[in-house]
Structures are given as C-alpha cells and as structure tokens.
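There are 4 protein chains.
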Amino acid sequence: MINKPKPLAAKRRTSIGSRRNPEAEAAVLAAAKELVGEKGYAGFSVDEVARRAGAGKTTIYRWYPTKADLFIAIYTEERAVSVPLPNTKNLVDDLTQYTTSLWRFWRSHPAGAALRGLIAEAQGTKEALEALRDRFLPERTADVKDMLTAAAARGEIEVEDIDDKLSLWVGFSWFRLLTGELHQEGGIKSVMAQIAGLSIHPTS
Amino acid sequence: MINKPKPLAAKRRTSIGSRRNPEAEAAVLAAAKELVGEKGYAGFSVDEVARRAGAGKTTIYRWYPTKADLFIAIYTEERAVSVPLPNTKNLVDDLTQYTTSLWRFWRSHPAGAALRGLIAEAQGTKEALEALRDRFLPERTADVKDMLTAAAARGEIEVEDIDDKLSLWVGFSWFRLLTGELHQEGGIKSVMAQIAGLSIHPTS
Amino acid sequence: MINKPKPLAAKRRTSIGSRRNPEAEAAVLAAAKELVGEKGYAGFSVDEVARRAGAGKTTIYRWYPTKADLFIAIYTEERAVSVPLPNTKNLVDDLTQYTTSLWRFWRSHPAGAALRGLIAEAQGTKEALEALRDRFLPERTADVKDMLTAAAARGEIEVEDIDDKLSLWVGFSWFRLLTGELHQEGGIKSVMAQIAGLSIHPTS
Amino acid sequence: MINKPKPLAAKRRTSIGSRRNPEAEAAVLAAAKELVGEKGYAGFSVDEVARRAGAGKTTIYRWYPTKADLFIAIYTEERAVSVPLPNTKNLVDDLTQYTTSLWRFWRSHPAGAALRGLIAEAQGTKEALEALRDRFLPERTADVKDMLTAAAARGEIEVEDIDDKLSLWVGFSWFRLLTGELHQEGGIKSVMAQIAGLSIHPTS
DNA sequence: TTCTAAACGAGACGGTACGTCACGTCTTTCC
DNA sequence: GGAAAGACGTGACGTACCGTCTCGTTTAGAA
Chain A
655 MINKPKPLAA KRRTSIGSRR NPEAEAAVLA AAKELVGEKG YAGFSVDEVA
705 RRAGAGKTTI YRWYPTKADL FIAIYTEERA VSVPLPNTKN LVDDLTQYTT
755 SLWRFWRSHP AGAALRGLIA EAQGTKEALE ALRDRFLPER TADVKDMLTA
805 AAARGEIEVE DIDDKLSLWV GFSWFRLLTG ELHQEGGIKS VMAQIAGLSI
855 HPTS
Chain B
655 MINKPKPLAA KRRTSIGSRR NPEAEAAVLA AAKELVGEKG YAGFSVDEVA
705 RRAGAGKTTI YRWYPTKADL FIAIYTEERA VSVPLPNTKN LVDDLTQYTT
755 SLWRFWRSHP AGAALRGLIA EAQGTKEALE ALRDRFLPER TADVKDMLTA
805 AAARGEIEVE DIDDKLSLWV GFSWFRLLTG ELHQEGGIKS VMAQIAGLSI
855 HPTS
Chain C
655 MINKPKPLAA KRRTSIGSRR NPEAEAAVLA AAKELVGEKG YAGFSVDEVA
705 RRAGAGKTTI YRWYPTKADL FIAIYTEERA VSVPLPNTKN LVDDLTQYTT
755 SLWRFWRSHP AGAALRGLIA EAQGTKEALE ALRDRFLPER TADVKDMLTA
805 AAARGEIEVE DIDDKLSLWV GFSWFRLLTG ELHQEGGIKS VMAQIAGLSI
855 HPTS
Chain D
655 MINKPKPLAA KRRTSIGSRR NPEAEAAVLA AAKELVGEKG YAGFSVDEVA
705 RRAGAGKTTI YRWYPTKADL FIAIYTEERA VSVPLPNTKN LVDDLTQYTT
755 SLWRFWRSHP AGAALRGLIA EAQGTKEALE ALRDRFLPER TADVKDMLTA
805 AAARGEIEVE DIDDKLSLWV GFSWFRLLTG ELHQEGGIKS VMAQIAGLSI
855 HPTS
C-alpha cells in the first residue's frame, strides 16, 4: 500500500535448486504473521504477504494453497512458544491455569488473529472447514482432552462426560475469542468449575 | 446520458416518494436470504444481491451499510418463523428442546448461514464485531437466559451461575454451527445436562 | 475464492510473464477505437472497453491511467495511416491540401472522435489538460509548423508570424471539429489564404 | 459534500403557485455558477447544484433539461456584466481591445468555466452540440461580426472575408480557452493583426 | 369559498461507471 | 525444477451521478 518494498539490503533471494528454500518459507511465514497481527482477517491478502516477504505469489500458493493453510501454519509455528501444561492434580485449577495461559497467548501473538481468520475462512469454503475440523481441532485440543482424561482417572469426572466437557471448553474459548472478549480473565475460574461439574457458589 | 430506459416490458419498481419502499426492502431481503442460503458467506456479495433483487446497490447500502447489517436483518426476519419456547419445568428438558429446535432452524433456514456470515464478518471489521456483540447477542440469547432464570427460581441452579451457563450454552451452539456439525442432535441432551450441572451418566 | 474458472471452450488470453502482453494491448486499443467511434465521448467508458476487449480493467488502467491517455493512444495509432505531407512550394496550396486530408482523416477514423474526447476531457481534469497541451499538441502540429517554416524560407511569410499563424490554423481546425462541421470542405481554401495573409477575393 | 445544509434561518423556499418561482431560479443559477467556478466541468453535478441551492432536482430539470442549458444560462446571466464594444475606427485595435476584455471576463467569472463545460458537453451529446452551434454561437459572436462588418464598410477588409475572419477569431479564442492559456494577453495584438490581414512585423 | 393546477423540497429508486483491490493462474528469466 | 517478478482476466468493493418517480405542501387563480 504505502509499503515501500523494503530495501532488502540489495540481496535477492532465489532458488536453491529443486527443493523448498527454507529462507523463502520463513520469510513468507514471518510476513503472514506480521500482517495478520497488524490488520486481522480483513486486510490479510496473499498479495500483501508476497510483497512483504519479497516472495512470488506462486511460491506462496505452492506451499499454502489456501489462506486456511497459511493460518494453520502461523498458528502451529507460534504455538511452539506456547502454553505450559499445568499439573495441579485438580481439574478446575488445571483448566483455569491452562485457559488463562492460552488466552494470554491468543492476545499477545498473531496466533489469535490467525485462529480467528481460520474460523472465518471456514465459514466460506469447505476446504477450510475440513482443515479446521479435521486437521486443526483434534491436534490443538489434545492437551485439554488429556487433562480431562487424567481427571477422570482421578475420579473427578465421569469418563463418558469427557467429550461433552471438551466441547463446552472449546465452545466457550472460541466464543470469547470470536467476540473479542479475551481480556476478561476474572470469570474464567467459575466457568471452568461449571465445566468440571461444580459450582463455586455455595448452595445457600 | 445515453441510458436507454430499456423496454423492460414487465414492470419496474421505482420510488414511492421520499421514503423507504417496502417492496424494494422485501426484494432485497429475499434476494439476500436466497443468496446466503445458496452460496454461504463466500459467494455472498452485495453486487449479486442487487442483481437478484433488481435493485440498485445504492438502495441496499442506504438501508444496510454493511454486510453485517444485512445478515442481522435476514436473521431477524427469519427468526419470526421461529423457535418455540418450551416450558417443561425442568431445565435440562427445556434446554434440550430449545436447542434442538434452534439447530433445526439454523439448518433449514438461511438464518443459519446468515449467522455464520455475521460471525465471520465480525472477525474482520470492528463495526461487525460491535453489531454482533452489542446488537445481536443480547437480544438473541434472551430466551435461554429466561429459561435459566426460571430454573434458578425453581432452585435447580444458582442465580450466580446464570451468566456462566449462558456463555457455555452460546459457545457450544456456535461451536457446532461454525464447524458444520449441527446434524448431531443425539448428543444435545447430555451436553445440556452438563450445562445444568448434572451428568446423565450414573456415577458407577 | 469460489470462482469457477469457467470452461470457456474457446481460448482465453492471459499473462505471458512479467511484461506487457501485446495481444492485450492491441485488444484494448481496438476496443477503445471501436467504442469511441461508435458512441463518441459520452458513452465511452473504461468498463465497456474492458468488456469488449475481454480485458480486465486493471490491465487498462495499468497502461492508460486516464481516459486522456487512451484517447492519445488511439489517435497516435490511427495517425500512422495518416495524412500525407504536401509539397507544392506554395503555402496556401500546402495548407489547403493538408487540412482537407486531415479533416477527412478525422471524419473517417475514430481518431476524430478520440481528439474530441481528449479535448473534452481536458476541460475537466488538469492531467488531461497537460497531456493535451504538452504531450499532444507540439507533436501533432509539427507538420504544419514545418510547412509554415518552409514558406518563411521561401519568403512567403514572415518568420515572426509562424507561431501566430499556427495558432490560427489549430484554432480553426478545432473549431470545426468541435462544432461538428468538418464536412464543409469548400471553404477551406479561402480560410487558408486568410491565414497565409492573402485574400482570394480580388480587391474590387 | 461536507456542506452542512445551511442554517436556512428556518425559512424554507416553496412553491408560489402554478408558476415559476424566481427565487428558486436564482438560487439554482447562483449555485451552478458557484459550483462550476469552483470545480470546473468535472465536479459539476446536478445533485450538487440541488444540494447547494436547497432545491429539488426536479425543479432544476424542469427549467434546464440538460447541463448544456444550465451552462448557457450561466453564461448569459454573467454576460450581462460584460464586455464593452470598442470603437476605435480601426479593426486591429477594436479586435485587440475586445478580445482582451473577453479573455479577462472568461478568467474572472464562472462564465469561462461554463463555456468550457458547454463545449465539452457538446462533444458527447447531440442536443448540446446543437445548442452550442445554433443557439449559443450566433448570438455570442454577433459583436465581432459587427466589428468586422464595420471594418469592411470602412474598406479595411473585403466583405467576402468576414465569415472566414470570424471563424478564425472564434477558433483562436476557443483554442486559448480550451488549453487554459487565456493569461497570455501579450500576443493578442499580433494575432488580431494576422486576422485583419496585416503583419505587425515589418517586411525586412 | 372551494377546487384545481402547477411548482416546490425532498429524497428514494434502478442503473452505470468509477478507480481500487484481491483473487488464483500464467510465463519468463535466473539460479 | 524452485523462486522472484509481475501481467493477466475476473469480479467485488463502496461511492457518485444520472434522470425518473412519488410524495406532501404551498399558493394562485378559476369555478
């Protein structure tokens, strides 16, 4: 737009032969991350990513045929930084710590914007929907499923309820993400208690 | 200048004075409904709505400045048809019936696609986000809030838990909608039980 | 997104790499010529040119940022066909022959309509005005200037009068063009005589 | 545009019965003058005139069916202020004085812009062309024709050359107007001499 | 006095064009 | 064969005007 194409230090990246150039890949991912972090879903365009990365559009489309693929790649790379797995031997505390960390991660890294973009994209194309449902979700909710499984092993919840509780947890987190209300950390604990099957409010 | 008025044998809708023409409004809404139902969020364009409605784009933008406004209008109009309020004096049954009706409504009317579009749009523009959060949500979740309030009055749940449970319910419903899994009605009851704070699985 | 590539049985012009495609350029120019010839200044739109050329609007705007540029391109291309330079060793005859040829050219090729369009456009935007004055005029009146210069060398007119006579000639030709009176060739000779500084009418 | 609808002192102009309201006419003409003076041919729109005049578009179209009519009306009204008829008993001086006055008038009143607009409009629609040629031109060049006729009576020029010289004069003045070069008054006299059939440069 | 006729403002209406942006595809040229 | 570069056709975006229309109001003159 008003982005000068970046001086680029005179160097021009080029092919390294008949295989993927990691520099190109890194540049693309970095540019995509920066862009989605800056402008969000609207304002994210392959053209602009190519411009910022100093990459050809063909290169991007070769490795990431759809925006969904790009968003997943961004999320995955960022997730390495990540969210620690708590282990308090108590489901409510585990979930509360984990959720709090995750929301902070979403707020402070482009990953949050990428996930919002991925979900938005999934409302329009079936490829993105499948990527979200079949490739993204199972992998990215494994941690919480593990915590729920452990809690079941400890007898805190029923084994049969694990999937329902997992859905509730995902739905709740997405709901906050999608409505831009990740900042309200205060209420997390009581909702986690609801999911765990408890109320933190004494039965008066 | 040069515009031949076109024979247009049929009939041409025109202004009825300095005020909104209900025929134009109806045509636009009908076209928008049809289009979003047919093509979903991607493939929904103001141009195409105008084309199908036989309306000028200006007319559409006059009454619906953003796509979000159009989606809300579609949803609102369709919602009149609607989802009955159950009254079983039992929270789990109320929620189960209501949710089942709602999902059927989402599947069988363009409203479902419109809501998906609204949520997607909200990921890109802050106007849409505000419309979703401040204009759409409170009004559209009032029914469930009423059911929860009634249950609290009956002593089934704590008053303090109402908002948490409402969030869980919305999050869960959206999650299913956004992942295209509204068809799995079977599991609704057990999830509603979780939200109500019960497990339908006996503690073995 | 969603764009089916369209069967398009025939053939579709496309990019030939990182450089201007001469086929596209030719198609655009041909369409523009045809359109301005058919409809004149009003009725000339970039949209319609794109439609007829089977070209994208972007392609047109890339090479011809304004309508003025397009008009100049049309004129220039057509002008190659052109108007022969007379050489009768007599200013009045030279001017008469040349002007007659030029008016015929204007009447029989889209170039005439293009020039009318260029002048009209120049009344609205300063870019077009500059293009007309600085890019179009000097080059396109060089022939007449040469004829006047030659006449001065022969002693038929004063060197100091060349520019004035050139202005008179351009003004007169434009006047006829702009008022749609290029058909009256009969009077050309006597006006050219006036410009040359003679009267063809005997001093009675 | 960013024009607040004008305080309007609470008063609102309205109909004064089954006949033209001179106030409305004046307001429209004033607004049109102001607008064409400010923005030129491009940027002149009936919508904007209506807005500034506080008039309905219907009112404007009733009295001025085309832009050409509006431009002529502006020119005519302004022309009342006007350009004095010189009488030096010498054609070159008469023409020089008159032309100088006229160009100053064109530069300092919206009339100049209106004429440019009228000519531009005439390149697009045949109604405007006819208005220009048959309604505007004869009336507006009568003064110069009179001066030429008087000169012929004095024996300065041939009667048969009057029309040719008139065309040269109109063409030259329009040429300067249309190329935005009315400021160069210096050269007027020598061109007028050329038209008169003299050269101010001594035959060396 | 009542009625009719036309002008007036307002602004909605179906359109067309504007100029820009993004899409995904295609070639060429260089490693 | 990977990669940068960037042109290509397509089509949506949101805005501006076009010229037409209907409305409700106002006034003057005719009945």
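Chains as they are written, first to last, in our numbering: chain A, 655 to 858; chain B, 655 to 858; chain C, 655 to 858; chain D, 655 to 858. All residues carry an ideal CB built from backbone N, CA and C; glycine is no exception. Since this is a predicted model, take the numbers as computed values, not measurements.
Using a CB distance cut-off of 8 Å, G778(A) counts as an interface residue toward chain B. Around the CB of D723(D), 16 or more other CB atoms lie within 10 Å, so the residue is classed as buried.
Between A767(B) and G694(B), the CB-CB gap stays under 8 Å.
The beta carbons of L756(D) and A850(D) sit no closer together than 8 Å. From the beta-carbon of S853(D), the residues of chain C found nearer than 7 Å are E812, D815 and G851. One Cα belongs to A776(C), the other to R770(A), and the distance between them is close to 49 Å. Y752(C): member of the alpha helix (DSSP H) spanning L745 to S762, first to last residue. DSSP places L689(D) in the helix class (H, G or I) of the three-state scheme. A residue is called buried once 16 or more other Cβ atoms fall within 10 Å of its Cβ, and K780(A), having fewer, is exposed.
In the DSSP assignment, L786(B) falls outside any alpha helix (DSSP H), carrying neither H nor E. For V700(B), the uninterrupted alpha helix (DSSP H) segment begins and ends at V700 to A707. Contact check for L822(D) and L822(C): beta-carbon distance about 5 Å, within the 8 Å limit, so the pair qualifies. Pairing Y729(C) with A765(C) gives a Cβ-Cβ distance under 8 Å.
For the pair H763(C) and E732(C), the Cα-to-Cα distance works out to about 7 Å.
In the structure shown, the three-state DSSP call for R808(C) is helix.
Taking C-beta separations shorter than 6 Å and ignoring five residues to either side along the sequence, the partners of M801(C) in its chain run D748, following chain order. S827(A) and D701(A) have their C-alpha atoms roughly 31 Å apart. The region 807 to 821 of chain C and the region 789 to 797 of chain D do not touch, with fewer than 3 CB-CB distances between them shorter than 8 Å. Taking 8 Å as the threshold, the shortest C-beta distance from A774(B) to chain A falls below it. The beta-carbon distance between I726(C) and A785(C), rounded to whole angstroms, is 6 Å. This is short enough to meet the 8 Å contact definition. Looking from the CA of A680(B), the closest CA among A704(B), G697(B) and E692(B) belongs to A704(B).
Within the same chain, Cβ atoms closer than 8 Å to the Cβ of N741(B) are found at D748, the five residues on either side in sequence being excluded.
When Cβ-Cβ separations below 8 Å define contact, Q751(D) makes no contact with chain C. Scanning its chain for C-beta atoms nearer than 8 Å, with the 5 sequence neighbours on each side dropped, one finds around R706(D) the residues N657, A685, E688 and L689, in chain order. For T833(A), a Cβ of chain B is located within less than 8 Å of the residue's own Cβ.
Close partners of V845(D) in chain C (Cβ separation under 8 Å): D818, S821 and L822. Annotation: the continuous alpha helix (DSSP H) that includes S821(D) extends over I816 to L832. Beyond the five residues adjoining it in sequence on each side, Q838(C) comes within less than 6 Å, by CB distance, of no other residue in the same chain.
Per the C-alpha coordinates, the member of P738(C), M846(C), E677(C) and G697(C) positioned closest to L820(C) is M846(C).
A distance of 8 Å or more separates the beta carbons of V737(B) and Y718(B). In this chain, the alpha helix (DSSP H) harbouring T713(A) covers K711 to W717. Against A696(A), the close residues of chain B are G778 and T779, in the order they occur along the chain (beta-carbon pairs closer than 7 Å). Between the alpha carbons of T803(A) and L739(A) lies a gap of roughly 14 Å.
If you check each beta-carbon in the region 709 to 738 of chain C against every beta-carbon of chain D, none falls closer than 9 Å.
Listed along the chain, the chain D residues whose CB falls inside 9 Å of the CB of L836(C) amount to none; the nearest CB is some 13 Å away.
The C-beta of L786(D) comes closer than 8 Å to at least one C-beta of chain C.
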